[in-house]
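Just so you know, the sequences run in chain order Z, E and Y.
Taking this note's numbering, I'd label the letters of the first sequence as residues 24 to 519.
Taking this note's numbering, I'd label the letters of the second sequence as residues 158 to 460.
Taking this note's numbering, I'd label the letters of the third sequence as residues -16 to 339.
Read through the structure below, which is laid out as structure tokens, and then see the notes.
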Amino acid sequence: MAALLSLQAVSKRYGAVQANAGIDLVVDPGSIHAILGENGAGKSTLMKLIYGVESPDAGVMLWKGQPVNLASPAEARAHGIGMVFQHFSLFETLSVVQNIALIVPGKQADLARRIRALGAEFGLEVDPEAMVHALSVGERQRVEIIRCLLLNPELLILDEPTSVLPPQSVARLFETLRALQARGMAILFISHKLEEIKELCDTATILRGGRVSGRVDPRGHSAKDLATLMIGRAMPPPLPATAQDPGEAWLELAGLSYRNDDPFGVSLHDLSLQARSGEIVGIAGISGNGQQELAALISGEIAAQGAGLRMMGQGVGRLGVAARRRLGFAFVPEERLGRGAVPEMSLADNALLTAHRAGLVARGFIRRAPERAFTAAIITRYDVRTPGPEAEAAALSGGNLQKFIMGREMMLDPKLLLVSQPTWGVDIGAATEIRQRLIAMRNAGAAILVISEELEELFQICDRLHVLHKGHLSPSLPVAETNAEAVGAYMIGSAA
Amino acid sequence: MNAVDFILAGMLAAATPMLLAALGEMVVERSGVLNLGLEGMMALGAALGFITTYSTGSHALGFVVAALGGAALSLLFALIVLGFVANQVAAGLAIGILGTGLSSLFGKNFESLTIDGLPKLALPGLSDLPVVGVLFVQDAVVWATAVLALAIWAVMTHSKLGLIIRAVGENPHAARAIGFGVLRVRCGAIAFGGALAGIAGAYASTVYTPLWADGMIAGRGWIALALVVFGTWMTGRVVFGAVLFGALSLGELTTQAAGVNIPSQLLACVPYVVTILMLAVISSNRRRMRLNTIASLGQPFER
Amino acid sequence: MRISFVRRDHASRPAMLLAPVVAFACAIVASVILFTALGKAPGQALYSLLLEPFLTWYNFSEVLLKMAPLLLIAQGLAIGFRANVFNIGAEGQLIIGAIAASALPVWYPQGDSALMLPAMLVMGAGAGMAWAAIAAMFRTRFNANEILVTLMLSLIAAQVLNYLLLGPWKDPHGFNFPQSVMFPDAALLPILLPGTRVNISLLFALVASVLAYVLMRHRFAGFQLLVGGLAPRAARYAGFSEARAIWLSLLLGGLAAGLAGAAEVAGPLGQLQRSVSLGYGYSAIIVAYLGGLNPLGIVVSAFVMSVIYIGGDNAMVSADLPVAAVWVFQGLLLCFYLAGLTFIRHRVSFSRKALP
């Protein structure tokens, strides 16, 4: 059988980073082919090369045996390649059918009819006239997939498609993909989740550090083997779970509501939760269900309406960000560049951003020596790989910058720490380290609230969980007494 | 002619320079670029348009040269902000100063010269209506502007080109990911906006008040920028705002003609004061601003 | 072959220092081409523009005289620009400052109190701040874009000036010229360099430069402004108030411009005139950017821009160049500089297209 797509020695460099180096890849027609690798392994870059978003620096790409040079996604689509992006390529201010009309020819009325028909056939129902900003993340993914299918591709690329889905919806997506495979379509499935790949894929190409580190049939290998190929060593062992007796409640939400004026945002309804000294409480749920709003309400970046928010035993609804931090609150936001750190500023100045009360400012003047010393301490204690305090935040890798921000906030010795998406885009080594730090901090008596999309992560480190869905919070679920299915039911709002 | 007739008859022509410039800028901003150099591009168009029409006697040629001049200046802006990824606010100011300077440099030898304007064309039937009939006696450029406004509305709301421009303005990275040339779209929009600004200036100097005087644009480029915000990037509302301002600027003349004893300098402030107030009224509705504001407006695009 | 910019890990210091120099050279080349096309003698124009200001002590002292308002205003504006608060209405704040400062000598043309001058300076600075405060209020209270509001306020200020000079404040013995009475000696700034027109406002500007340096380099308040400009969401995350940054930026800008306006009428003009500003408020924007928004860089760029101003005056006579040539030069200079800035954070990369 002739290969549908084959890459030979393809390379791509961005500045100092060799994202892809001499990649060989063969995709057969009708196969579901996994590209497995951890964050930063070069998966997304490789897909952008195949879809014509970027051009390779070197190497050859063959499509049905013929050399092709894709200068743009339009050319890739013309050849029969479709792609579903991880962070969707949809436009919020346009309707579903308008988004689709951008790349699919035809009258909008016809398109709407075809969207409905395809949706019914493959379990991808979505209202063609709906505005995209009003859709859930799962619905948006369906729109992306439909947009590809309308062009009858022979190869469909999906970039981390399950990262935005609750467990139940993953099963439904897999059914859709198998139905497409049955029609003869080849699928490139990018993921870092081993179990999913074993379940769905017939071939896997594994990337590590921009190079191919293995080519296997995932069904014949254990998750442990795959992990070793992926990270070059055995998976770190699970973290020791030691129960603690929780102490005082340092964060209390009692019926907190927030009406969002932002038409693209989410309103929160009657949220109640507690985070006590010596426990980690997790907020599970698909992003876009109010996570950002909840974090900003707790941090004080948006003002809470009415009472119902207490910190360290006192009402803080009227206090600003700085006042809450003075009470012993610290926060690691999900966006590292541009929110948790200023990209163009040095690490020293980025330490000053929130650690100024740790003796770095005297009578309004910045004290440079303590600033440097504090920064150097973060770098050594939290193992931040960087030339030094003068390095700019933007020059750090995602994992290192996250360790820096986490270190900065932890060095303030907070009573209450809020962490949003602690390991997004972070490699497995750094992720493990970060989780260990959180547990150590809990053991030292801090109250920690973790907002995360990674259910596995929450089960690893949390004592209790809540699920956030459409601005509503589930009751408290002790981790020891629940499981992924139960949490998943809350994630799609179908729990009793 | 009473005051109402006077305002009705003149407001569309008074609105036209601001409207042309604002429509162009609206398209530019829809693509995600803020070009603050409108005043300079209008001034350059006014000077070039006047010089050409004065020298050749052809209004049409004057408009063509003004459009090319405005587009050329805007392409310099495009080179700086798209090619060199520069700060759009600073680059817009630079272009504004440059355009204003060039206009007085070129116009130096034409100071206070005059030419003939364009004849008014009546729309048969409608122009015979009582009271509002005077609205339908306008010069060719006003009619063309009306058609253009309609065309821009249709393109922005109902065509694929309009969808692409809006997509690029909302999320340039996604637009690039699905294969649209962000820089190409923005460059085209900027050149279109520059050409319209040039034509707007030429209308002011060759038709509306057919003479050249240094500084004759007198803040109309800035008012046009404010009109885009006032119109929340929607064609119909921009047109409405421009006509309102046209009427307002005539109100100044009418008040004077009526012998009301207010110093003319203070009356001249009225449009500026109204601009500030209407910006406040529109912008203070944060929800509406969020719904309509172009998400990537003013942000440099890098891959 | 593809030419593209690649982001550097670190800002390049050489590029930072070279950008203004190269931009200056490019602006000269472009101007020469333009002047030649307009039939002017480019050699004579350049000689007048760039060299003549240095050839006589009088000319050079005039450069220092011009430098005072440009430097003062630019320092005020740069603070705001770094915080992403774009006050482009310094022209209006200067005019209102000049008007407010003129009130005392206009009402008391025979005044000889030693308090007259300090009072004028305070009134000028205060009025400039008040004028800018309108924009701050509209921005913080109503979310109205400060670029447009400050600009509109400038246009209004110019009309207010016209009104006063054509009406109530016109010198009754001034042959109907639109200008106020000449100020008494008690309303004039002391001369700094004897035998020239350079007055102590140059010292104000230099002191302001030092203060701006301390604020932006060593004060936590300055750091907060920088964060707000570079990453507004980081500023919100850290709890730095946006409203405070807007107020501080606009008030400082208005204060500097208002003081500069007062110093113009109490300095070289000695009366309130229609041409009180000569576009200093707009030129100061260019000065601020050309100095890299850095208090020390701005001292240099203010000097260079003053040379251009005086040189432009000379060129008007000797090379028959209109005043507008100075504006064209300034506009070109800023355009080239902004393009050059790119090289601070980017380097050029030439990449081959992949082979098929």
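Yeah, the Cβ is synthetic: ideal placement off N, Cα and C, and Gly gets one too.
Closest by C-alpha distance to residue i, when choosing among the options
i        : options                                : result
Ser188/E : Gly416/E, Pro428/E, Pro329/E, Leu165/E : Pro329/E
Arg391/Z : Ala371/Z, Ile46/Z, Arg380/Z            : Ala371/Z
Leu496/Z : Ile484/Z, Ser517/Z, Glu183/Z           : Ser517/Z
Phe263/E : Ile164/E, Thr209/E, Leu165/E, Gly350/E : Thr209/E
Leu283/E : Gly403/E, Leu353/E, Gln295/E, Val342/E : Gln295/E
Phe397/Z : Leu441/Z, Phe427/Z, Thr505/Z, Ala453/Z : Phe427/Z
Leu147/Z : His156/Z, Val155/Z, Gly161/Z, Leu134/Z : Gly161/Z
Ala99/Z  : Cys171/Z, His56/Z, Arg460/Z, Ala318/Z  : Cys171/Z
Gly88/Z  : Ala57/Z, Leu30/Z, Gly60/Z              : Leu30/Z
Ala452/E : Phe114/Z, Val50/Z, Asn466/Z            : Phe114/Z
is_contact[residue i, chain Y] using C-beta, thresh 8 Å
i        : result
Met433/Z : no
Leu407/E : no
Leu255/E : yes
Ala374/Z : no
Cys344/E : no
Phe241/E : yes
Met446/E : yes
Any C-beta of chain Z under 8 Å from that of residue i
i          : result
Gly323/Y   : no
Arg227/Y   : no
Asp(-8)/Y  : yes
Val(-11)/Y : yes
Arg202/Y   : yes
Arg333/E   : yes
Asn328/E   : yes
Gly80/Y    : no
Cβ-based burial, residue i [other Cβ within 10 Å; buried from 16]
i        : result
Leu233/E : buried
Gln456/E : exposed
Arg445/E : exposed
Gln328/Z : exposed
Ser67/Z  : buried
Val197/Y : exposed
Phe333/Y : exposed
Ser289/Y : buried
Ala267/Y : buried
Ile484/Z : buried
Asp80/Z  : buried
Leu179/Z : buried
Ser316/E : exposed
Proximity of residue i and residue j at Cβ, strictly below 8 Å
i        : j        : result
Asn62/Z  : Gly361/Z : no
Val311/Y : Ser31/Y  : no
Ile401/Z : Met434/Z : yes
Phe503/E : Ile356/E : The question about residue 503/E has no answer, for chain E in this structure spans 158 to 460.
Val309/Y : Ile291/Y : yes
Leu543/Z : Ile210/Z : The structure shown does not extend to residue 543/Z, since chain Z is modelled only from 24 to 519, so the question has no answer here.
Min CB distance residue i to chain E below 8 Å
i        : result
Gly63/Y  : no
Thr116/Z : yes
Ala124/Z : yes
Asp47/Z  : no
Listed by chain order, chain C residues near residue i by CB distance under 7 Å
i        : result
Gln121/Z : The chain inventory of the structure shown lacks chain C, comprising the protein chains Z, E and Y.
Does the count of Cβ pairs from the stretch 460 to 472 of chain Z and the stretch 302 to 312 of chain Z closer than 8 Å reach three?
yes
Measuring CB atoms only, is the stretch 335 to 344 of chain E touching the stretch 165 to 182 of chain E, in the sense that at least three cross pairs come out at less than 8 Å?
no
Three or more C-beta pairs under 8 Å: does that hold for the stretch 473 to 490 of chain Z against the stretch 355 to 362 of chain E?
no
Do the stretch 125 to 141 of chain Y and the stretch 75 to 90 of chain Y make contact, defined as three or more Cβ pairs closer than 8 Å?
yes
Can you find at least 3 beta carbon pairs, one from the stretch 182 to 191 of chain Z and one from the stretch 96 to 110 of chain Z, that sit closer than 8 Å?
yes
Hey, is the stretch 34 to 43 of chain Z in contact with the stretch 189 to 208 of chain Z, meaning 3+ C-beta pairs nearer than 8 Å?
no
Does the stretch 206 to 224 of chain Y touch the stretch 371 to 387 of chain Z, meaning 3 or more C-beta pairs lie closer than 8 Å?
yes
Report yes or no: do three or more beta-carbon pairs, one from the stretch 39 to 53 of chain Z and one from the stretch 227 to 241 of chain Z, lie closer than 8 Å?
yes
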